[in-house]
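Down below is the structure, laid out as structure tokens.
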Amino acid sequence: MSKSGPGAPRSAAAGFLLALPLLLFLVALVLWPVAHLVAAATHGPGAFRAVLAAGRYRTALVNSLLLSAAAAGAAVLLSLVPAWVLARERFAGRQLLRAAMALPLSFSGVLVGFLMVVMLGRIGAIPELVRWLTGRELLAGAAYTPAGLFVAYLYFEVPRAVLTLEAAFRRFPPELDAAARTLGASARERLLRVRLPLLAPALRASLALTFSASMGSFGVALILSRRFTVAPVEIYTELTGFSNDAVAGALCLLLALATLAADRLLAQGGRRWRRAGNGGGLGELRQAAASGTRP
Amino acid sequence: MGHAARHASRVAGAGAGLAAGLALGAAIVSGLAIAAGFAAAAPALAPPAATAPAAARTAEPAAEKVVIQYDCIPNYANWGSVTALYKKVSGVTVPPDPKGSSVALAALERERDHPVADCAYYSGAIGFQAAQKGLHQPYKPKGWEVIPAELKDPAGLWWTVHTSTIAILVNTKALGTAPVPRSWHQLLDPAYKGKVAYDDPTWGGTSYTLVYGLNLLMGGSDADFKPGLAYLKQLDANVSFYPRESIYNAVLRGEVPIWINADGNGYKMRHVDGGPIEVVIPAEGSFTMPLVMGMAKGAPHPEETRRYFDWLLGPEAQAEFAKAFFRPVLARAMPADIAAKFLPAREYARARPLDLARMAAAADALKRAWLDEIRGAGR
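So the protein lines, in turn, are chains G and X. Counting along the first sequence from 1, when you hit position 212 you're at 297 in our numbering, and nothing is skipped either side. Counting along the second sequence from 1, when you hit position 244 you're at 247 in our numbering, and nothing is skipped either side.
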């Protein structure tokens with residue numbers, strides 16, 4: 086099916102030229118800093134060993150992984166319905182709703198941290214409301230707990246997940262769903278055998294994106310984290326409190342590696358799913374939808 | 004293949020492509036975010052210009068002159084008004100800078116080969132440490148002789164601009180029915196649970212002074228941090244968080260009812276901002292803290308910086324610091340009406356000075372011990 090002929094080599098060269106700015110950008114902003122980090126981390130002896138030994142650094146890395154995984158999972162789950170509605174339904178105020186959804190994405194982490202203090206601090210709006218309604222001291226200072234940190238992460242991860250899922254949901258071909266229905270598939274069958282397999286790549290992509298963003302997030306935790314510490318805060322402490330480039334560099338690299346590994350895992354999980362033949366009936370369904378006949 | 008089927012397969016392909024693209028993009032984004040965080044905290048990794056305030060950079064080639072001061076927090080020691088006044092009398096801009104003492108030191112160290120800052124302001128021990136690490140060049144500003152000998156480096160590597168005393172700052176309205184705490188011991192009372200905060204000592208020098216001083220007060224030494232850390236561990240049960248930014252406004256509004264910090268910040272909240280704030284010098288004693296400055300080695304604007312230093316020790320600037328209740332090192336610059344608003348001298352008799360050289364020598368070990376024992380990890 087692919088095009089062949091004299092045009093192909095030239096388009097490859099053109100492709101390379103077009104990609105050149107991005108490549109230069111990657112070299113300048115990814116490779117160079119990473120090289121710097123590797124140099125810093127391997128400068129002193131045993132930085133990686135210090136980070137991986139039981140203690141503050143390792144706990145921070147594990148906390149980062151757990152918090153980011155939880156935030157990504159919860160954000161994608163919470164986003165399914167809003168994203169579907171935004172993508173498939175037409176209603177008044179839809180654009181406004183989408184704009185409101187996107188707003189938290191433009192806030193810096195430090196700002197989100199302060200918003201959390203305003204809402205769930207010791208005299209935050211929510212605990213004050215609870216006190217006014219029930220006279221009881223509830224949720225005061227919740228912003229400074231791990232649960233508060235989790236809520237703050239959701240605050241900017243849910244919009245991210247909604248916007249990425251919405252784009253995918255909009256491309257969802259309704260004729261496949263209709264074909265499955267004509268062929269007598271139940272609602273459950275359609276969800277499990279048609280919708281989920283079709284949407285799985287988008288769900289995985291959304292998970293990967295929100296997870297990565299959470300792993301790198303710094304400002305929120307800087308403002309809110311008390312004992313529950315995450316890796317970016319420890320990196321900041323090592324650099325600013327002790328000028329300890331080696332440990333900071335090692336933490337940076339391990340954080341980036343963990344993020345990349347999780348993204349790879351999500352991508353590979355997708356391939357295995359396809360290879361195992363899950364959703365294998367989709368090809369036939371496509372033909373059926375195309376020809377309008379039973380296979 | 005029919006039209007719809009082609010469309011469907013294209014959609015599926017696009018979906019997979021989107022997934023891969025987003026995953027890669029996300030990895031790069033997070034990598035960049037980390038790199039950016041690293042660069043922000045470690046300015047040498049980024050082009051130096053990235054750390055200089057934008058206004059200063061764009062204005063520099065024009066007629067406007069600047070002096071870059073690390074740790075120039077507008078509502079700490081009245082730096083906002085002091086720098087505004089300097090702009091008025093000299094035309095030179097000193098942009099605000101949010102770094103705490105430790106962060107200022109770390110930034111100077113990182114920029115050693117490509118200095119961005121002209122000078123820095125620190126709590127005493129951290130400034131002493133910066134001078135010791137060879138980050139300063141000597142200068143003795145006009146008025147050098149008025150500074151008491153123990154409050155300056157004989158070679159001019161650092162000197163005191165004003166002093167302060169560690170105190171318990173209490174927002175009495177936010178405290179509710181609990182009594183105002185009068186002593187370090189009383190602060191451990193469960194009535195103050197979730198109401199106490201002191202800055203992360205790995206961030207701010209004021210808090211490092213507190214942690215070092217408390218250890219001595221509780222019977223510890225430079226070789227034995229256990230007594231101080233044992234007290235702080237008990238206090239931890241009442242601490243809401245360890246801020247790494249100025250929480251002046253949070254205390255004023257009552258989000259944080261009790262802040263252990265410099266006394267001047269409490270007097271300013273009370274007398275300048277009209278807050279329900281009481282300043283307490285704890286019964287067991289407290290610590291005085293010189294706040295010092297030094298000229299950065301390789302300062303990009305040396306002449307402007309020296310003139311700025313000369314002015315800072317003069318009566319005009321010294322009186323301006325006093326308006327924020329930081330005691331001017333030029334004692335006669337203290338206006339009488341300001342002096343009258345301080346607690347009586349007998350309260351201050353309980354505050355003792357700390358040895359900056361020994362404080363500086365213990366800094367890394369004590370800050371690490373604090374991290375491991377108090378802020379810790381997990382939970």
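Using N, Cα and C, we set each Cβ at its ideal position, and we do this for glycine too.
Just to confirm, are asparagine 78 of chain X and tyrosine 251 of chain X a CB contact at a threshold of 8 angstroms?
Counting from 1 along the second sequence, the entry for residue 78 of chain X is found at position 75. Counting from 1 along the second sequence, the entry for residue 251 of chain X is found at position 248. Asparagine 78 of chain X is a Cβ neighbour of tyrosine 251 of chain X, given a cutoff of 8 angstroms.
With distances taken between CB atoms, is the gap from serine 104 of chain X to aspartate 266 of chain X smaller than 8 angstroms?
On the second sequence, residue 104 of chain X is found 101 positions in, with the first residue counted as 1. On the second sequence, residue 266 of chain X is found 263 positions in, with the first residue counted as 1. It is not a contact, given that the beta carbons lie outside the stated cut-off.
What runs of the beta strand (DSSP E), each 3 residues or longer, lie entirely inside the segment 264 to 316 of chain X?
280 to 283 and 289 to 299, all fully within the segment 264 to 316 of chain X.
C-beta atoms of phenylalanine 313 of chain G and asparagine 148 of chain G nearer than 8 angstroms
Stepping through the first sequence from its first residue, residue 313 of chain G is reached at position 228. Stepping through the first sequence from its first residue, residue 148 of chain G is reached at position 63. Between phenylalanine 313 of chain G and asparagine 148 of chain G, the gap from beta carbon to beta carbon is short of 8 angstroms.
Between glutamate 112 of chain X and chain G, is there a C-beta pair that is closer than 8 angstroms?
For the purposes of this step, residue 112 of chain X is taken as the residue at position 109 of the second sequence. For glutamate 112 of chain X, the answer is yes, since a Cβ of chain G falls inside 8 angstroms of its Cβ.
Please report how far the alpha carbon of valine 332 of chain G lies from the alpha carbon of valine 136 of chain G, in whole angstroms.
Within the first sequence, the letter at position 247 stands for residue 332 of chain G. Within the first sequence, the letter at position 51 stands for residue 136 of chain G. Valine 332 of chain G and valine 136 of chain G have their C-alpha atoms some 7 angstroms from each other.
Selection from X:Gly222, X:Trp373 and X:Asp276 that minimises the alpha carbon distance to leucine 255 of chain X:
For the purposes of this step, residue 255 of chain X is taken as the residue at position 252 of the second sequence. Answer by Cα proximity: X:Asp276.
May I ask you to list, following chain order, the residues of the segment 313 to 327 of chain G that have a beta carbon less than 8 angstroms from some beta carbon of chain X?
Only Phe313, Thr314, Pro317, Ile320, Tyr321, Thr322, Leu324, Thr325, Gly326 and Phe327 from the segment 313 to 327 of chain G bring a Cβ to less than 8 angstroms from some Cβ of chain X.
For chain G, is any of its Cβ atoms less than 8 angstroms away from the one on glycine 379 of chain X?
Reading the second sequence from its first residue, position 376 is the one you call residue 379 of chain X. Taking a beta-carbon distance threshold of 8 angstroms, glycine 379 of chain X counts as an interface residue toward chain G.
Can you pull the chain G neighbours of glycine 179 of chain X, defined as C-beta to C-beta under 8 angstroms?
Within the second sequence, residue 179 of chain X is the residue found at index 176, counting from 1. Ordered by position in chain G, no residue passes the 8 angstroms Cβ test against glycine 179 of chain X, which lies about 10 angstroms from the chain.
Does tyrosine 240 of chain G get closer than 8 angstroms to chain X when you measure Cβ to Cβ?
Looking up residue 240 of chain G in the first sequence gives position 155. With a threshold of 8 angstroms between beta carbons, tyrosine 240 of chain G makes no contact with chain X.
What are the residues that DSSP puts in a beta bridge with alanine 272 of chain G?
To locate residue 272 of chain G, count along the first sequence from 1; it is residue 187. According to DSSP, residue pairing for alanine 272 of chain G in a beta bridge does not occur.
Taking C-beta pairs closer than 8 angstroms, name the residues in chain X that valine 202 of chain G reaches, listed in chain order.
Taking the first residue of the first sequence as 1, we reach residue 202 of chain G at position 117. The contact set of valine 202 of chain G on chain X, defined by CB atoms closer than 8 angstroms, consists of Ala253 and Glu258 in chain order.
Got a sec? Which residues, its chain only, sit under 8 angstroms from leucine 340 of chain G by beta carbon, not counting five neighbours each side?
Stepping through the first sequence from its first residue, residue 340 of chain G is reached at position 255. When the five nearest sequence neighbours on each side are left out, the beta carbons in the same chain lying within less than 8 angstroms of the beta carbon of leucine 340 of chain G are those of Leu146, Ser149, Met300, Gly301, Ala316, Pro317 and Ile320, in order along the chain.
I want to see whether chain G comes within less than 8 angstroms of leucine 374 of chain X, judged by CB atoms only; does it?
Walking along the second sequence from the start, residue 374 of chain X turns up at place 371. With 8 angstroms as the cut-off, leucine 374 of chain X counts as an interface residue toward chain G.
Please list the residues of the segment 223 to 249 of chain G that have a C-beta atom closer than 8 angstroms to any C-beta atom in chain X, keeping them in chain order.
Per Cβ criterion, the list reads Ala225, Gly226, Tyr229, Pro231 and Thr249.
Buried or exposed: which applies to arginine 134 of chain G, given that a residue is buried once 16 or more other Cβ atoms fall within 10 Å of its Cβ?
As a working note, residue 134 of chain G is residue 49 in the first sequence. Its Cβ having fewer than 16 others within 10 Å, arginine 134 of chain G is exposed.
Report yes or no: is there a C-beta of chain X within less than 8 angstroms of the C-beta of isoleucine 208 of chain G?
For the purposes of this step, residue 208 of chain G is taken as the residue at position 123 of the first sequence. Answer yes: the Cβ-Cβ gap between isoleucine 208 of chain G and chain X drops below 8 angstroms somewhere.
Just mark alanine 29 of chain X as buried or exposed, buried being the case when its beta carbon has 16 or more other beta carbons within 10 Å.
Here the question's residue 29 of chain X lines up with position 26 in the second sequence. For alanine 29 of chain X, the pLDDT reaches just 40, beneath the cut-off of 50, and the residue's location in the model is therefore unreliable, leaving the point undetermined.
Buried or exposed for phenylalanine 290 of chain X, going by 16 or more other Cβ atoms inside 10 Å?
As a position in the second sequence, residue 290 of chain X is number 287, starting the count at 1. That one is buried.
Would you mind stating whether threonine 205 of chain X and serine 126 of chain X have Cβ atoms separated by less than 8 angstroms?
In the second sequence, counting from the first residue as 1, residue 205 of chain X sits at position 202. In the second sequence, counting from the first residue as 1, residue 126 of chain X sits at position 123. Cβ atoms of threonine 205 of chain X and serine 126 of chain X: not closer than 8 angstroms.
Compare the beta carbon distance of tyrosine 311 of chain X and valine 97 of chain X with 8 angstroms and say whether it is the shorter of the two.
Taking the second sequence and counting its residues from 1, one reaches residue 311 of chain X at position 308. Taking the second sequence and counting its residues from 1, one reaches residue 97 of chain X at position 94. Taking 8 angstroms as the Cβ cut-off, tyrosine 311 of chain X and valine 97 of chain X qualify as a contacting pair.
Should glycine 90 of chain G go down as buried or exposed, given a rule of 16 or more other Cβ atoms within 10 Å for buried?
On the first sequence, position 5 is the one that residue 90 of chain G refers to. Low local confidence applies: a pLDDT of 48 at glycine 90 of chain G is under 50, so the model's placement there is unreliable, and no value is given.
Let me confirm a value: histidine 139 of chain X is counted as buried when at least 16 other C-beta atoms fall within 10 Å, else exposed. Which label applies?
Position 136 of the second sequence, counted from the start, is the residue given in the question as residue 139 of chain X. Result: buried.
Do you know whose CA, among X:Arg361, X:Ile71, X:Phe228 and X:Tyr73, lies nearest leucine 374 of chain X's CA?
As a first step, residue 374 of chain X must be located in the second sequence, where it is residue number 371. Among X:Arg361, X:Ile71, X:Phe228 and X:Tyr73, the Cα nearest to that of leucine 374 of chain X is on X:Phe228.
When the cut-off is 8 angstroms and only beta carbons count, does tyrosine 245 of chain X lie next to chain G?
The count along the second sequence starts at 1 and reaches residue 245 of chain X at position 242. Look at tyrosine 245 of chain X: its C-beta is under 8 angstroms from a C-beta on chain G.
From the DSSP output, which residues share a beta bridge with isoleucine 261 of chain X?
Against the second sequence, residue 261 of chain X aligns to sequence position 258. In the DSSP output, where bridge partners are listed per residue, isoleucine 261 of chain X has X:Val173 and X:Val199.
Would leucine 165 of chain G count as contacting chain X if we go by Cβ distances under 8 angstroms?
As a working mapping, residue 165 of chain G is identified with position 80 in the first sequence. Put simply, the CB of leucine 165 of chain G is far from chain X, with every gap to its CB atoms at 8 angstroms or more.
Compile a chain-ordered list of the residues in the segment 127 to 153 of chain G whose CB is closer than 8 angstroms to at least one CB of chain X.
Identification of residues in the segment 127 to 153 of chain G having a C-beta nearer than 8 angstroms to some C-beta of chain X yields Gly140, Arg141, Thr144, Ala145 and Asn148, given in sequence order.
One question on the structure: do tyrosine 142 of chain X and alanine 107 of chain X come within less than 8 angstroms of each other, judged by their Cβ atoms?
Residue numbering aside, residue 142 of chain X sits at position 139 when the second sequence is read from its first letter. Residue numbering aside, residue 107 of chain X sits at position 104 when the second sequence is read from its first letter. No.
Which of helix, strand or coil DSSP assigns to alanine 296 of chain G:
In the first sequence, counting from the first residue as 1, residue 296 of chain G sits at position 211. Going by the sequence as given, residue 296 of chain G is phenylalanine instead of alanine. Note: phenylalanine 296 of chain G maps to helix in three-state DSSP.
Using a Cβ-Cβ distance cut-off of 8 angstroms, determine whether arginine 278 of chain G contacts chain X.
As a working mapping, residue 278 of chain G is identified with position 193 in the first sequence. Chain X contact via Cβ: absent.
Return the residue from the list X:Glu112, X:Arg247, X:Cys122 and X:Lys102 that minimises the CA-CA distance to glutamate 306 of chain X.
Your numbering for residue 306 of chain X matches position 303 in the second sequence. Ranked by Cα distance from glutamate 306 of chain X, the first of X:Glu112, X:Arg247, X:Cys122 and X:Lys102 is X:Cys122.
Answer with yes or no whether the minimum CB distance from threonine 175 of chain X to chain G is below 8 angstroms.
The count along the second sequence starts at 1 and reaches residue 175 of chain X at position 172. Residue-level contact by beta carbon fails for threonine 175 of chain X and chain G, as no gap is shorter than 8 angstroms.
Of all the options X:Met221, X:Ile76, X:Gln135 and X:Glu67, which has the alpha carbon lying nearest to the alpha carbon of methionine 298 of chain X?
Position 295 of the second sequence, counted from the first residue, corresponds to residue 298 of chain X. Restricting attention to X:Met221, X:Ile76, X:Gln135 and X:Glu67, the CA atom closest to the CA of methionine 298 of chain X is found in X:Gln135.
What's the C-alpha gap between cysteine 75 of chain X and alanine 339 of chain X?
Residue mapping note: residue 75 of chain X aligns to position 72 of the second sequence, counting from 1. Residue mapping note: residue 339 of chain X aligns to position 336 of the second sequence, counting from 1. Between the alpha carbons of cysteine 75 of chain X and alanine 339 of chain X lies a distance of about 26 angstroms.
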